[in-house]
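*Asks:* Protein chains in written order, with this note's numbering: chain W, 4 to 426; chain B, 4 to 426.
Below, the structure is given as structure tokens:
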């Protein structure tokens with residue numbers, strides 16, 4: 004019997020597979036990657052028969068794969084289940100600021116195809132650029148592969164209004180009609196999230212905060228912000244303005260002027276452009292000719308002024324993190340952005356300042372580490388966003404498990420290599 | 004037919020009243036106080052028949068009362084439902100520090116009987132004192148009334164270990180076996196919560212944060228801490244150490260020594276004993292003879308030193324709140340503790356500092372207000388804690404709705420005056 008028919012007949016024979024069971028199992032495997040049947044039953048709380056029905060159904064439609072786990076007690080291999088990474092694709096966007104990144108990812112956030120475009124300073128950001136970029140990462144897909152694209156995930160800086168228009172004061176973007184352009188150009192549902200949140204979710208899914216329920220992610224690059232994971236969910240605040248640590252003041256009386264119009268903001272002291280600015284001001288160098296990495300190289304070479312600028316930035320960030328640790332009581336604090344290029348220089352200063360200012364009890368278990376997800380962090384976070392939303396939307400779950408897609412090559416229960424442009 | 008029998012027969016005739024429906028309705032009315040049948044159906048998402056069954060059952064066992072709402076559109080009165088405040092009692096404890104407060108409350112947190120005991124500075128805190136205090140607020144109850152006591156709610160400062168032993172460095176309490184003593188002395192289940200959390204829940208239930216999902220509560224008295232409400236739930240952190248704002252530093256280089264052993268903590272600058280200490284240090288007065296209200300009176304009388312001390316404390320608190328507002332994006336910030344006695348003097352300073360330091364965008368909608376729940380705030384919060392836990396525990400829900408209790412006078416669907424000691 005052809006697979007699609009077999010699937011339809013199975014669904015008819017066992018009409019009791021509730022969407023809720025499929026969702027619970029997939030949500031669990033999204034987090035835990037691979038789990039035995041017993042592990043799935045125990046963790047989801049489903050009864051064994053329901054779990055078996057649902058597992059068989061997910062195997063049949065190619066969304067899960069069987070793998071083998073070695074049992075810790077007996078040392079023997081036992082049956083385990085894992086998500087078939089290639090059972091679906093997401094389009095991931097990272098609107099970083101001076102460059103736009105586009106990715107086609109599989110279900111587990113591996114980037115299968117990538118496109119990047121430099122915006123250049125002051126160049127206007129038009130929604131068409133985003134449409135064009137998505138076109139580039141999807142244009143080589145054949146219809147079957149295109150059929151497997153489930154959703155678009157977007158990581159954005161700045162503010163999105165209720166109509167889906169994007170503004171970012173730092174970047175000179177004003178009410179770019181992002182959502183409308185995407186909805187008009189593509190058939191896929193679009194999910195958008197602040198970059199702070201995509202970063203912390205990427206770390207929670209694939210990075211240093213894996214298995215953590217309370218974590219902080221400090222991004223320090225053009226701007227400074229904080230993603231907050233609390234009890235396994237990100238913390239948004241009443242209007243989605245949480246984590247604005249870049250505009251808190253930790254050096255009273257500092258005269259550094261921030262883009263927001265205030266003085267002494269953390270961002271005006273420790274963001275990468277402001278590290279360059281301070282170095283240029285103190286040395287009289289032309290700041291237009293200096294890059295962050297130049298100042299960093301000089302600091303590594305022992306340049307006292309460069310070192311002093313990093314010292315000041317590191318102290319300010321350490322003060323900020325000390326306060327955040329006392330307020331949130333996280334398991335882990337992860338640093339990301341340009342700042343981590345200077346890890347060797349600033350991390351000891353940051354740690355030193357945190358230890359100086361924080362009550363020892365608050366520091367007993369907390370780790371401060373540097374992100375290892377690299378430049379792709381927000382693309383992976385955008386894929387995580389799309390995946391989390393697919394699991395919540397019945398019609399997308401149905402598309403993920405659709406019998407019609409069973410005819411496609413990737414759904415024969417083994418991941419296959421793809422003929423796609425990789426960079 | 005006697006009521007108990009009628010109840011039992013109703014439960015037999017309609018065996019489909021799920022605990023979940025009762026819980027959903029009670030949880031809703033715990034928050035919203037009074038709601039029409041349509042409002043209950045719409046908000047809980049129950050179908051009309053299930054909601055009707057459950058409402059009738061709750062009316063029959065006296066947990067709900069009918070009230071009359073005036074319809075906003077037609078101006079006519081329509082049937083509404085409200086919790087019968089007297090259908091159950093809680094024992095509420097507030098282990099404030101230098102005094103212990105005990106209350107017997109009804110379901111809605113009204114305090115029916117109160118007992119207070121001064122611990123006095125340096126006097127040891129023994130668990131027996133708590134047992135004695137609870138005895139005092141419950142000793143005049145007759146057996147029927149005693150049968151209506153559902154649980155004990157405790158608001159505690161400091162740290163509770165896994166064995167339920169309480170330690171508070173500030174107060175000199177070390178591993179007081181609180182939980183064990185309560186469990187041994189009384190038949191009721193005991194629920195315990197940090198005072199930060201009981202305060203924010205009291206405000207969320209009965210105070211300024213009613214209907215808010217994101218709120219902050221700053222207590223400034225002997226110590227300083229912050230209760231955080233995020234998305235309708237309190238934020239605990241990984242180990243329950245969140246909200247330690249009292250040990251953050253907002254005046255770099257400040258030499259004020261804190262109880263925690265560090266220097267320059269907010270608590271060492273703005274807590275009431277430290278306001279007294281600073282005034283005494285600057286004037287050479289004997290701090291043992293001064294109380295917080297004395298310094299306050301002098302400030303009101305124009306004493307420049309007292310005003311300067313309050314100015315410093317207010318600035319430090321304003322800086323702390325500015326940072327917290329930027330990080331949490333709350334709808335409201337509520338101030339509580341001794342500090343609010345000095346509302347007229349410090350509130351303008353705090354607001355001024357918040358406005359000076361915070362990005363205007365973060366302040367667009369946030370209110371900063373003073374708690375109006377008075378000295379009872381933690382007793383009411385402890386009652387809220389007990390109520391929230393009763394709704395989660397099937398056996399306690401059963402006790403709340405038990406037909407046997409129907410024979411008791413208070414369950415004839417009208418609240419009645421009680422013959423209880425009031426203070």
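We treat Cβ as the ideally placed atom computed from N, Cα and C, and that holds for glycine. Predicted model only: the values in this text are computed from it and were never measured.
Suppose the cutoff is 7 Å on Cβ atoms and the five residues either side in sequence are ignored; what does the same chain contact list for residue 309/B look like?
*Replies:* Closer than 7 Å at Cβ, skipping near neighbours: 282, 298, 301, 302.
*Asks:* Should the region 254 to 273 of chain W be called in touch with the region 286 to 293 of chain W, which here means at least 3 C-beta pairs below 8 Å?
*Replies:* Contact fails: fewer than three Cβ-Cβ distances are below 8 Å.
*Asks:* Are the CB atoms of residue 159/W and residue 169/W within a distance shorter than 8 Å?
*Replies:* In this structure, residue 159/W lies closer than 8 Å to residue 169/W by Cβ.
*Asks:* Look at the alpha carbon of residue 385/B and the alpha carbon of residue 386/W, and state the distance between them as a whole number of angstroms.
*Replies:* Taking the straight line joining both Cα atoms gives about 43 Å.
*Asks:* So what's residue 157/B in DSSP terms, helix, strand or just coil?
*Replies:* If DSSP states are grouped into helix, strand and coil, residue 157/B belongs with the strands.
*Asks:* What does the alpha-carbon distance come out to for the pair residue 146/W and residue 403/W?
*Replies:* Answer to the nearest angstrom: the Cα atoms are 16 Å apart.
*Asks:* Spatial neighbours of residue 221/W within its chain, please: CB distance less than 6 Å, with the 5 preceding and 5 following residues excluded, ordered by chain position.
*Replies:* Correct list, in chain order: 229, 338.
*Asks:* On the criterion of 16 or more Cβ atoms from any shown chain inside 10 Å, does residue 251/W qualify as buried, or is it exposed?
*Replies:* Buried: at least 16 other Cβ atoms inside 10 Å.
*Asks:* Output, in sequence order along the chain, the residues in the region 245 to 267 of chain W whose CB is closer than 9 Å to any CB in chain B.
*Replies:* Against chain B - using a Cβ distance shorter than 9 Å - the residues of the region 245 to 267 of chain W are 245, 246, 247, 248, 249, 250, 251, 252, 253, 254, 255, 261, 263, 264, 265, 267.
*Asks:* Along the chain, which unbroken stretches of the beta strand (DSSP E) at least 3 residues long are found entirely within the region 212 to 278 of chain W?
*Replies:* Whole beta strand (DSSP E) segments, 3+ residues: 217 to 223, 227 to 233.
*Asks:* Along chain B, which residues have their Cβ under 7 Å away from the Cβ of residue 326/W?
*Replies:* Those are 251, 326, listed as they occur along chain B.
*Asks:* Give a yes or no on whether the minimum CB-CB distance between residue 50/B and chain W is below 8 Å.
*Replies:* Not one chain W Cβ lies under 8 Å of residue 50/B.
*Asks:* Do the region 180 to 197 of chain B and the region 104 to 120 of chain B make contact, defined as three or more Cβ pairs closer than 8 Å?
*Replies:* Not touching, per the Cβ criterion.
*Asks:* Which residue comes first and which comes last in the alpha helix (DSSP H) that contains residue 28/W?
*Replies:* Looking at the DSSP string, the run of the alpha helix (DSSP H) that includes residue 28/W is 22 to 35.
*Asks:* Quick one, are the C-beta atoms of residue 234/W and residue 207/W less than 8 Å apart?
*Replies:* Not a contact, by the Cβ cut-off of 8 Å.
*Asks:* Can at least three beta-carbon pairs, one atom from the region 124 to 144 of chain W and one from the region 89 to 100 of chain W, be found at a separation below 8 Å?
*Replies:* Enough Cβ pairs lie closer than 8 Å, so yes.
*Asks:* Could you pull the start and end residues of the beta strand (DSSP E) that residue 97/B belongs to?
*Replies:* That run of the beta strand (DSSP E) goes 92 to 98.
*Asks:* Any beta carbon of chain B sitting closer than 8 Å to that of residue 295/W?
*Replies:* Residue 295/W does not count as touching chain B.
*Asks:* If we cut at 8 Å on Cβ distances, does residue 21/W have a partner in chain B?
*Replies:* With 8 Å as the cut-off, residue 21/W does not count as an interface residue toward chain B.
*Asks:* Along chain W, in chain order, which residues have C-beta atoms closer than 9 Å to that of residue 368/B?
*Replies:* Those are 241, 242, listed as they occur along chain W.
*Asks:* Taking 8 Å as the threshold (beta carbon to beta carbon), is residue 415/B in contact with chain W?
*Replies:* Legend: pLDDT at residue 415/B = 33, less than 50; position of this residue unreliable, value from coordinates given subsequently. It does not: the Cβ of residue 415/B has no partner Cβ on chain W nearer than 8 Å.
*Asks:* Using only CA atoms, which one of 161/W, 377/W, 323/W, 165/W lies nearest to residue 360/W?
*Replies:* Here the closest residue by C-alpha is 323/W.
*Asks:* Please determine if the region 320 to 335 of chain W and the region 355 to 373 of chain W are in contact, where contact requires at least 3 C-beta pairs separated by less than 8 Å.
*Replies:* Verdict: yes, contact present.
*Asks:* Name the DSSP bridge partner or partners of residue 120/B?
*Replies:* Residue 120/B is bridged to 103/B.
*Asks:* Tell me which residue opens and which closes the beta strand (DSSP E) that residue 372/B is part of.
*Replies:* From DSSP, the beta strand (DSSP E) with residue 372/B extends over 370 to 373.
*Asks:* Roughly how many whole angstroms lie between the Cα atoms of residue 31/W and residue 46/W?
*Replies:* Roughly 8 Å separates the two Cα atoms.
*Asks:* Is residue 109/W closer than 8 Å to residue 88/W when the C-beta atoms are compared?
*Replies:* Going by C-beta atoms, residue 88/W is nearer than 8 Å to residue 109/W.
*Asks:* Please name the residue, chosen from 127/W, 307/W, 286/W, 254/W, that lies closest to residue 318/W on a Cα-to-Cα basis.
*Replies:* When only C-alpha atoms are compared, the closest one is 254/W.
*Asks:* What residues of chain D sit near residue 341/W, judged by a beta carbon separation below 7 Å?
*Replies:* Here the protein chains are W and B, and chain D is not one of them.
*Asks:* Report the neighbours of residue 365/B on chain W: residues whose CB is nearer than 8 Å to its CB, in chain order.
*Replies:* Per Cβ cutoff of 8 Å: 244, 247, 250.
*Asks:* Taking C-beta pairs closer than 8 Å, name the residues in chain W that residue 334/B reaches, listed in chain order.
*Replies:* Going along chain W in sequence order, the residues near residue 334/B (Cβ under 8 Å) are 241.
*Asks:* Inspect the beta-carbon positions of residue 210/W and residue 39/W and report whether they are closer than 8 Å.
*Replies:* Cβ atoms of residue 210/W and residue 39/W: not closer than 8 Å.
*Asks:* Going by alpha carbons, who is nearest to residue 202/W out of 388/W, 405/W, 400/W?
*Replies:* Nearest option by C-alpha distance: 388/W.
*Asks:* With a CB to CB cut of under 8 Å and the five nearest residues on each side skipped, what residues in its chain are close to residue 415/W?
*Replies:* The pLDDT assigned to residue 415/W is 32, lower than 50, so where the model puts this residue is not dependable, and the model offers no usable value.
*Asks:* Thinking residue 427/W and residue 192/W are a contact (beta carbons under 8 Å), I'd like their distance in whole angstroms, please.
*Replies:* Because residue 427/W is not part of the residues shown, which for chain W are 4 to 426, the question remains open.
*Asks:* Could you give the DSSP three-state label for residue 367/W: helix, strand or coil?
*Replies:* In the structure shown, residue 367/W sits in coil (DSSP, three-state: anything other than H, G, I, E or B).
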